[in-house]
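Chemist: The structure that follows is given in the form of structure tokens.
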Amino acid sequence: MYAYDAIDRELVETRVAEFREQVARRVSGELTEEQFRPLRLMNGLYLQLHAYMLRVAVPYGVLSSAQMRKLAHIARRYDRGYGHFTTRQNIQYNWPKLEETPDILAELAEVEMHAIQTSGNCIRNTTADQFAGAAADEVDDPRIWSEIIRQWSTFHPEFSFLPRKFKIAVTGAQKDRAAIKVHDIGIVIVRNDAGELGFQMWAGGGQGRTPMIAKLIRGFVAERDLLSYLEAMLRVYNRHGRRDNKYKARIKILVHELGADEYARQVEAEWARIREGVLSLPQAEIDRIRAAFDEPPFERFEGDSRAFHGKRFEDRGFQRWVRSNVKPHKKPGYAIANISLKPVGGIPGDATADQMDAVADFADRWSFGEVRVAHEQNLVLPHVRQDDLYGLWLALGAVDLDTPNIGLLGDIIACPGLDYCSLANARSIPLSQALSERFGDLDRLHDIGEISLNISGCINACGHHHVGNIGILGVDKKGEEFYQITLGGRADEDAAVGRIVGRAFDAHETVDAVETIVETYVAQRRDGERFIDTLERTGPAPFKEALYGAD
Amino acid sequence: MSLNVITANRLNDGVVIFLTGNGWSTDLQQAETAEGKEATAALLTRAEAEPGVAVGPYEIAVERIGEELRPLRYRERLRVSGPSVDYLKPQAA
Ligand code: HEM
Ligand code: SF4
Numbered sequence: 006m007y008a009y010d011a012i013d014r015e016l017v018e019t020r021v022a023e024f025r026e027q028v029a030r031r032v033s034g035e036l037t038e039e040q041f042r043p044l045r046l047m048n049g050l051y052l053q054l055h056a057y058m059l060r061v062a063v064p065y066g067v068l069s070s071a072q073m074r075k076l077a078h079i080a081r082r083y084d085r086g087y088g089h090f091t092t093r094q095n096i097q098y099n100w101p102k103l104e105e106t107p108d109i110l111a112e113l114a115e116v117e118m119h120a121i122q123t124s125g126n127c128i129r130n131t132t133a134d135q136f137a138g139a140a141a142d143e144v145d146d147p148r149i150w151s152e153i154i155r156q157w158s159t160f161h162p163e164f165s166f167l168p169r170k171f172k173i174a175v176t177g178a179q180k181d182r183a184a185i186k187v188h189d190i191g192i193v194i195v196r197n198d199a200g201e202l203g204f205q206m207w208a209g210g211g212q213g214r215t216p217m218i219a220k221l222i223r224g225f226v227a228e229r230d231l232l233s234y235l236e237a238m239l240r241v242y243n244r245h246g247r248r249d250n251k252y253k254a255r256i257k258i259l260v261h262e263l264g265a266d267e268y269a270r271q272v273e274a275e276w277a278r279i280r281e282g283v284l285s286l287p288q289a290e291i292d293r294i295r296a297a298f299d300e301p302p303f304e305r306f307e308g309d310s311r312a313f314h315g316k317r318f319e320d321r322g323f324q325r326w327v328r329s330n331v332k333p334h335k336k337p338g339y340a341i342a343n344i345s346l347k348p349v350g351g352i353p354g355d356a357t358a359d360q361m362d363a364v365a366d367f368a369d370r371w372s373f374g375e376v377r378v379a380h381e382q383n384l385v386l387p388h389v390r391q392d393d394l395y396g397l398w399l400a401l402g403a404v405d406l407d408t409p410n411i412g413l414l415g416d417i418i419a420c421p422g423l424d425y426c427s428l429a430n431a432r433s434i435p436l437s438q439a440l441s442e443r444f445g446d447l448d449r450l451h452d453i454g455e456i457s458l459n460i461s462g463c464i465n466a467c468g469h470h471h472v473g474n475i476g477i478l479g480v481d482k483k484g485e486e487f488y489q490i491t492l493g494g495r496a497d498e499d500a501a502v503g504r505i506v507g508r509a510f511d512a513h514e515t516v517d518a519v520e521t522i523v524e525t526y527v528a529q530r531r532d533g534e535r536f537i538d539t540l541e542r543t544g545p546a547p548f549k550e551a552l553y554g555a556d
Numbered sequence: 036m037s038l039n040v041i042t043a044n045r046l047n048d049g050v051v052i053f054l055t056g057n058g059w060s061t062d063l064q065q066a067e068t069a070e071g072k073e074a075t076a077a078l079l080t081r082a083e084a085e086p087g088v089a090v091g092p093y094e095i096a097v098e099r100i101g102e103e104l105r106p107l108r109y110r111e112r113l114r115v116s117g118p119s120v121d122y123l124k125p126q127a128a
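The structure is reproduced here in structure tokens:
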């Protein structure tokens, strides 16, 4: 894993000391809330419905076991014994006290973590494929490039006050697990015809009020040009992005209004000017960072483990978990183990301090001390020997982390909604719990197959409802909670924004409506067809009819 | 005429508080009520004079049911009662 250098360390420690003083001045009354608010937000501290909320960055979703233990400790010592993993691969604490926040940040700094870039109109914490460095289908490890972006973007003076927040995501595989097409900039690592490594650059995707799918801006950018090209992309945005209207300020609006071709033309012109400048990446620097992500000392195996396959036959519960939660690893004899943070009836993304500690222990024991956070609000142990999977599964079961539902209907993404969020129109969590219970039968879940169900408590779309196969958006109707359903969204390499099916439902009706949608799919599907494929074949008509009747 | 109270979040921990005749309380039932625009504006001015205690004071509409004050909007009812979810229940056995 990447370790801080002296500069990183000093930056973070200075920031903690500075914030400690700012908090003291706010408490003493020297600073007004208007003066203090931007300062606390720069340190990831929001004020929510019932308390403060601290958002801690997990750069590109990578955690060491020591960091995970620290997150557990913070949950226990300063919060109410749990934390919430988010769709941006961060963790949020829902109950920190203002005066203790500097202590929390100081503790985080001890393990090279912080809350910088988790708020404000800067380049936010870059996200990446949670299987980075482990996936069988990977062209190159996105962590290397995300780390390079992190170093360039943290405190970038020119991009500290962009028209709006800015989100970058990186995938190293053709199969997109990082939802790059709904980010301001999405990067796909590719090889060109000459076999050279480089990047496909997408821009102008985003969710929220005006959801958009990103457009391809350039098919290939060479390794050494990554930062100069990003700089050019950001510059054109920084120059023309709408600062007069917060709803039109994101790059998606700029790319949409200028047109992708014109935006690309301006980027190319800017790039031509700066390409050979200081941002041209020296090979030595790329090598240095690449070395930080060197492979752990994998054992050499010939093909798959026999014992592992034997266990799958013997134990049906294990087989079910393997089917949904275990993914192929690039090394023979290894596997990627996904840990669902979506127990039946649970709160998506929440983990208790004890669970976090347990995951840290499992990582040390079985995954070279590495953990990942997935944007679907789950955790991942990236490098598990196939022979260890059974032991891991049993250990996960003992802390209620063995739910076999990754990629299935129970793997619901949900934002905090009105239970915590001051911007919300409706609750997300209780609805996700009710849905998770309705589809709590694991045999049925596996029979229904791959399907994503995403819930947001308002149009800001923190729960990615636009790109759920089934999306649910909380709306307020005269002070009461209602839910709008969309169908056909997807966040993969064929990303699409879902379409509204019809009038909104109340909470109870919504659970039944999802049931109706699922039953319609099961009745319509052909052999092996996933929900999204059936929907694309039939169109929404049968679903609408089942929900609202024939007229 | 509509009935209003002033609410805010407490500076130190963000807890939901209400302006009373004598400072702030976490109990809505202690809140001072105001009827009509002018009286509400006066309450808000008083609340804003104490920035060291309360963050972001604003008015909310309430109704009186028997002796009880109750916010009209669902959002504010949730602010009074806390999260509706059983977040503390450890998921581990
Ligand atoms: C303090 C609580 C939160 C606040 C105030 C907040 C605020 C917002 C706002 C205002 C937007 C709209 C952006 C736009 O339309 O340009 C947004 C979008 C988004 N937020 Fe949040 N959010 C919160 C919590 C979260 C959480 C918990 C997550 C992850 C679970 C999250 C992830 C996202 C994502 C992925 C988007 C997608 C829209 C996009 O940028 O394309 N946010 N948020
Ligand atoms: S989608 Fe809305 S309700 Fe949900 S966390 Fe984001 S801002 Fe809050």
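Residue numbers (the working numbering), protein chains in the order written: chain V, 6 to 556; chain D, 36 to 128.
Every residue gets a Cβ at the ideal spot worked out from N, C-alpha and C, and that includes glycine.
1. Where does S329 (chain V) sit, in a helix, a strand or coil, going by DSSP?
2. Alpha carbon to alpha carbon, how far is Q382 (chain V) from A356 (chain V)?
3. Where S37 (chain D) and I100 (chain D) are concerned, what is the direct C-alpha to C-alpha distance, given to the nearest angstrom?
4. Taking the alpha-carbon positions, what's the A139 (chain V) to H334 (chain V) distance?
5. Below 8 Å, how does it come out for the region 17-35 of chain V and the region 85-97 of chain V: are there three or more Cβ pairs, yes or no?
6. Report the three-state DSSP secondary structure of W371 (chain V) (helix, strand or coil).
7. Roughly how many angstroms separate the alpha carbons of W150 (chain V) and P301 (chain V), rounded to a whole number?
8. Give the DSSP-derived three-state secondary structure of M217 (chain V) in the structure shown.
9. What did DSSP end up calling E163 (chain V) once you bin it into helix, strand or coil?
10. Who are the neighbours of N44 (chain D) on chain V, taking C-beta pairs under 7 Å?
11. Any beta carbon from chain D within less than 7 Å of G484 (chain V)'s own beta carbon?
12. To the nearest whole angstrom, what separates the beta carbons of K316 (chain V) and F323 (chain V), a pair I think is in contact under 8 Å?
13. Rounded to a whole number of angstroms, what is the C-alpha to C-alpha distance between R20 (chain V) and D309 (chain V)?
14. Grab me the residues of G213 (chain V)'s own chain with a C-beta within less than 6 Å of its C-beta, minus the 5 sequence neighbours each way, in chain order.
15. If contact means a Cβ-Cβ distance below 8 Å, which residues of the region 47-61 of chain D contact chain V?
16. Compute the minimum distance between the beta carbon of C426 (chain V) and the heavy atoms of the ligand SF4, and state whether it is under 6 Å.
17. Does any residue of chain V have a CB that is nearer than 7 Å to the CB of R114 (chain D)?
18. With DSSP run on the structure shown, which of helix, strand or coil describes H119 (chain V)?
19. Which residues, in chain order, does the region 423-443 of chain V contribute to contact with chain D at a C-beta distance below 9 Å?
20. Apply the 10 Å Cβ neighbour rule to G34 (chain V) and answer buried if 16 or more other Cβ atoms are within range, or exposed otherwise.
21. Do K170 (chain V) and A219 (chain V) have their C-beta atoms closer together than 7 Å?
22. Give the range of the beta strand (DSSP E) segment to which F306 (chain V) is assigned.
23. What does DSSP give as the partner residue(s) for Y9 (chain V) in the beta ladder?
24. If you reduce the DSSP assignment to three classes, tell me which class S116 (chain D) lands in.
25. Anything in chain D within Cβ reach of Y514 (chain V), meaning under 7 Å, just list it in chain order.
26. Within its chain, find whatever has a CB closer than 8 Å to the CB of D392 (chain V); leave out the 5 residues flanking it on each side and keep chain order.
27. Since V115 (chain D) contacts L46 (chain D) with CB under 8 Å, what's their CB separation in whole angstroms?
28. In terms of residues, what are the limits of the alpha helix (DSSP H) holding Y98 (chain V)?
Modeler: On the basis of the data shown:
1. As a working mapping, residue 329 (chain V) is identified with position 324 in the first sequence. S329 (chain V): helix per DSSP, three-state reduction.
2. Reading the first sequence from its first residue, position 377 is the one you call residue 382 (chain V). Reading the first sequence from its first residue, position 351 is the one you call residue 356 (chain V). Cα atoms of Q382 (chain V) and A356 (chain V): separation of roughly 10 Å, rounded to the nearest angstrom.
3. As a first step, residue 37 (chain D) must be located in the second sequence, where it is residue number 2. As a first step, residue 100 (chain D) must be located in the second sequence, where it is residue number 65. Each residue's CA atom was taken as its position, placing S37 (chain D) and I100 (chain D) some 14 Å apart.
4. Translated into the one-based positions of the first sequence, residue 139 (chain V) becomes position 134. Translated into the one-based positions of the first sequence, residue 334 (chain V) becomes position 329. Approximately 6 Å, taken between the alpha carbons.
5. The region 17-35 of chain V, when compared against the region 85-97 of chain V, does not touch it at the 8 Å Cβ threshold.
6. By 1-based counting over the first sequence, the position of residue 371 (chain V) is 366. The answer is helix: DSSP assigns W371 (chain V) an H, G or I state.
7. As a working note, residue 150 (chain V) is residue 145 in the first sequence. As a working note, residue 301 (chain V) is residue 296 in the first sequence. Taking the straight line from one Cα to the other gives about 18 Å.
8. Counting from one through the first sequence, the residue named residue 217 (chain V) turns up at place 212. It is a strand residue.
9. Here residue 163 (chain V) corresponds to residue number 158 of the first sequence, with the count starting at 1. In the three-state scheme derived from DSSP, where H, G and I count as helix and E and B as strand, E163 (chain V) is classed as helix.
10. For the purposes of this step, residue 44 (chain D) is taken as the residue at position 9 of the second sequence. What N44 (chain D) touches in chain V: L52.
11. As a position in the first sequence, residue 484 (chain V) is number 479, starting the count at 1. Yes, its Cβ sits closer than 7 Å to a Cβ of chain D.
12. For the purposes of this step, residue 316 (chain V) is taken as the residue at position 311 of the first sequence. For the purposes of this step, residue 323 (chain V) is taken as the residue at position 318 of the first sequence. About 6 Å; that satisfies the 8 Å criterion.
13. For the purposes of this step, residue 20 (chain V) is taken as the residue at position 15 of the first sequence. For the purposes of this step, residue 309 (chain V) is taken as the residue at position 304 of the first sequence. Looking at the two C-alpha atoms, the distance is approximately 48 Å.
14. In the first sequence, counting from the first residue as 1, residue 213 (chain V) sits at position 208. Short of 6 Å from the beta carbon of G213 (chain V), and not among the five residues preceding or following it, lie these beta carbons of its own chain, in chain order: N465, A466.
15. Within the region 47-61 of chain D, the residues whose Cβ lies closer than 8 Å to some Cβ of chain V are N47, D48, G49, V50, V51, listed in chain order.
16. Taking the first sequence and counting its residues from 1, the one referred to as residue 426 (chain V) is at position 421. Checking the 6 Å criterion, the Cβ of C426 (chain V) is within range of a heavy atom belonging to the ligand SF4.
17. Translated into the one-based positions of the second sequence, residue 114 (chain D) becomes position 79. Yes, its Cβ sits closer than 7 Å to a Cβ of chain V.
18. Residue numbering aside, residue 119 (chain V) sits at position 114 when the first sequence is read from its first letter. In the three-state scheme derived from DSSP, where H, G and I count as helix and E and B as strand, H119 (chain V) is classed as coil.
19. Taking 9 Å as the Cβ-Cβ cut-off against chain D, the residues of the region 423-443 of chain V that qualify are L423, D424, Y425, S427, A429, N430, A431, R432, I434, P435, Q438.
20. Taking the first sequence and counting its residues from 1, one reaches residue 34 (chain V) at position 29. Classification for G34 (chain V): exposed.
21. Residue 170 (chain V) sits at position 165 when you count from the first residue of the first sequence. Residue 219 (chain V) sits at position 214 when you count from the first residue of the first sequence. No, the pair does not count as a contact, with Cβ atoms beyond the cut-off.
22. Translated into the one-based positions of the first sequence, residue 306 (chain V) becomes position 301. Per DSSP, F306 (chain V) belongs to no beta strand (DSSP E) and is neither H nor E.
23. The residue given as residue 9 (chain V) occupies position 4 in the first sequence. None, per the DSSP bridge assignment.
24. Here residue 116 (chain D) refers to the residue found at position 81 when the second sequence is read from its first residue. In this structure, S116 (chain D) counts as helix in the three-state DSSP scheme.
25. Indexing the first sequence from 1 puts residue 514 (chain V) at position 509. Tyr is not the amino acid found at residue 514 (chain V); the sequence shown has Glu there. None at all; the shortest Cβ gap to chain D is about 17 Å.
26. In the first sequence, the residue the question calls residue 392 (chain V) occupies position 387. So the qualifying residues of the chain are S310, A312, F313, G338.
27. Reading the second sequence from its first residue, position 80 is the one you call residue 115 (chain D). Reading the second sequence from its first residue, position 11 is the one you call residue 46 (chain D). With a beta-carbon spacing of about 19 Å, V115 (chain D) and L46 (chain D) fall beyond the 8 Å limit used to define contacts.
28. Residue mapping note: residue 98 (chain V) aligns to position 93 of the first sequence, counting from 1. Element bounds for Y98 (chain V): not the alpha helix (DSSP H) but the beta strand (DSSP E), 96-98.
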